[in-house]
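For the sequence shown, this note's numbering assigns the number 29 to the initial residue and increments by one for each residue that follows.
Okay, structure first, notes after.
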Amino acid sequence: MGGEVFNGDRTFLTAPDAFEEYLTWCTKNHAPAWMSVQPFSGRNSVSCVEKLFFDFDSKDLNLAWKEAHSLATTLQDSYGAQSLVCFSGSKGYHIYVWLSSIQQFDSADSAKRFYQTAQELLLKGLSFETLDKQVLGDIKRLARVPYSIHEKSLNPCTPVNIDRESLILNSINPFKDQGLKTDFCRLCQSKIGQKTRRLTYRYKSARNGQIRPCIDAALFSDLSGVAGHLMRIAIGAEFLNKGFSIEQTAELFKDQTDYSFEKSLYYIKDLSARNYRPFKCATIRKLGFCLKNCSRRNDKVD
Numbered sequence: 029m030g031g032e033v034f035n036g037d038r039t040f041l042t043a044p045d046a047f048e049e050y051l052t053w054c055t056k057n058h059a060p061a062w063m064s065v066q067p068f069s070g071r072n073s074v075s076c077v078e079k080l081f082f083d084f085d086s087k088d089l090n091l092a093w094k095e096a097h098s099l100a101t102t103l104q105d106s107y108g109a110q111s112l113v114c115f116s117g118s119k120g121y122h123i124y125v126w127l128s129s130i131q132q133f134d135s136a137d138s139a140k141r142f143y144q145t146a147q148e149l150l151l152k153g154l155s156f157e158t159l160d161k162q163v164l165g166d167i168k169r170l171a172r173v174p175y176s177i178h179e180k181s182l183n184p185c186t187p188v189n190i191d192r193e194s195l196i197l198n199s200i201n202p203f204k205d206q207g208l209k210t211d212f213c214r215l216c217q218s219k220i221g222q223k224t225r226r227l228t229y230r231y232k233s234a235r236n237g238q239i240r241p242c243i244d245a246a247l248f249s250d251l252s253g254v255a256g257h258l259m260r261i262a263i264g265a266e267f268l269n270k271g272f273s274i275e276q277t278a279e280l281f282k283d284q285t286d287y288s289f290e291k292s293l294y295y296i297k298d299l300s301a302r303n304y305r306p307f308k309c310a311t312i313r314k315l316g317f318c319l320k321n322c323s324r325r326n327d328k329v330d
C-alpha cells in the first residue's frame, strides 16, 4: 500500500522516506504538498476506502468554518465519529472521518460506489452552501497535506479543534479509533445492494420493451471509433430519457474494454446537462447499429 502525491504529475509512493523527501522538496521550493485521501495499491489504482473526505470552501471563511463545524458535530452526535478538521491554508476547511476498519474491494468501481454511498448517507437531510459538490464521490482525490504550506497565502494547512484553535497532532490513531463503526459500513453495503437490485429490475424492464432492441444490443458491441462514440451518446440519451439516473446509465458501459466509471460518469453528466433526446432510428441505421430483424427497419416514420 502507498499513496499518490502531486509534483507536476501524480506519482505513486510507498516508502515513508520517499514521502519525507517529497515534503522536504515542497517546503524548499514553496510548492503545495498534495497526497491522495485513500491508500493506493499502485499507480492510479485504488481498491479500498480508509476514510471519507469533505471540502468546505468559500470567500467567507467564517461561513466555511460554521458549516464544517456543523458537519463534524453532526458526525459526532449521530455516529459517534470524531472528525479531523483542517484549515486549508486559504479559503476553507477539510474534514476527514475514518472508518473503524479499512474496507477492501475487488475493483476501483466497487470502492467508488461504497465511498459515494457513504458520503450520501452522512449528508442525507443536510444542506451546506460551502460544501464542494465536485469533490463528492472522487475516490482518487488529492488533498493538501496537513502542516504543509499553502503556496499563495503562505499559511499552514493546520488541523484545528472544535474551538478553531490550531492543533499539534502526534498521532491520528484517536480518529481511527473513533471512526465510523462497522454497522455504518454494513448499512452502506446494504444500500448498494438495493441500488443494484433496482438497476437490475429497471434494466430487465427496459429489455422487455422500454428500450429499443438496437440500443440494448449495442451495449454488448464494440463501441470504438467515431461511430461507436456516437452510439454511446445514443445509448446514454435513450436510458436517461427512460428515467435512469446518471450513475445507473454510466454503469451500463461496464462491458466495454476501455470502461472507467469515472470517465463514463463524466460523459453521462454532460449528456444530461445538454438534455440530449433519443436518437432517431435513421441516425442509428447510418451509424451501422440497426438490427436486420428490427420491425422498425423499414418504417418511413422516423
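C-beta: ideal position from N, C-alpha, C; glycine also.
- When Tyr-50, Tyr-107, Ala-59 are compared, the shortest CA-CA separation from Cys-213 is found for Tyr-107.
- If you ignore the 5 residues before and after Leu-315, its C-beta comes within less than 7 Å of the C-beta of Ala-255, Leu-258, Met-259, all in its own chain and listed in chain order.
- In the structure shown, Tyr-143 falls within a helical segment according to DSSP collapsed to helix, strand and coil.
- Put simply, of Gln-217, Phe-156, Cys-185 the residue whose alpha carbon is nearest the alpha carbon of Ala-59 is Cys-185.
- Spatial neighbours of Ala-262 in its own chain (CB-CB distance under 7 Å, excluding positions within 5 residues in sequence) are listed in chain order as Ile-243, Phe-307, Ile-312.
- Going by C-alpha positions, Phe-47 is about 33 Å away from Asn-90.
- Contact between the region 204-222 and the region 289-298 is absent: fewer than 3 CB-CB pairs across the two stretches fall below 8 Å.
- Within the region 89-115, the runs of alpha helix (DSSP H) at least 4 residues long that lie entirely inside it are, in chain order, 89-107.
- When DSSP states are grouped into helix, strand and coil, Arg-214 belongs to the helix group.
- Comparing alpha-carbon positions, the option among Ser-111, Phe-68, Lys-119, Gln-110 lying closest to Trp-93 turns out to be Lys-119.
- When rounded, the separation of the alpha-carbon atoms in Asp-85 and Gly-271 is 33 Å.
- Distance check between Cys-309 and each of Asp-250, Ser-273, Thr-52, Ile-239 places Ile-239 closest, using alpha-carbon atoms only.
- Going by DSSP, Asp-83 is part of the beta strand (DSSP E) stretching over 76-85.
- Bridge partners of Phe-34 according to DSSP: Arg-38.
- Here Leu-195 is exposed. Its C-beta has fewer than 16 other C-beta atoms within 10 Å.
- Nearest C-alpha to Ser-249 among Val-113, His-97, Asp-286: Asp-286.
- Cβ-Cβ separation between Ala-265 and Tyr-304: approximately 4 Å, consistent with a contact (criterion under 8 Å).
- Counted as a single uninterrupted DSSP element, the beta strand (DSSP E) harbouring Tyr-124 occupies residues 120-132.
- Taking a contact as a CB-CB distance under 8 Å, the pair Lys-79 and Tyr-124 counts as one, their CB atoms being some 5 Å apart.
- In this chain, Arg-172 is not harboured by any alpha helix (DSSP H); it is covered by the beta strand (DSSP E) spanning 170-172.
- If you ignore the 5 residues before and after Lys-87, its C-beta comes within less than 7 Å of the C-beta of Lys-119, all in its own chain and listed in chain order.
- Here DSSP, grouped into helix, strand and coil, assigns Ser-194 to strand.
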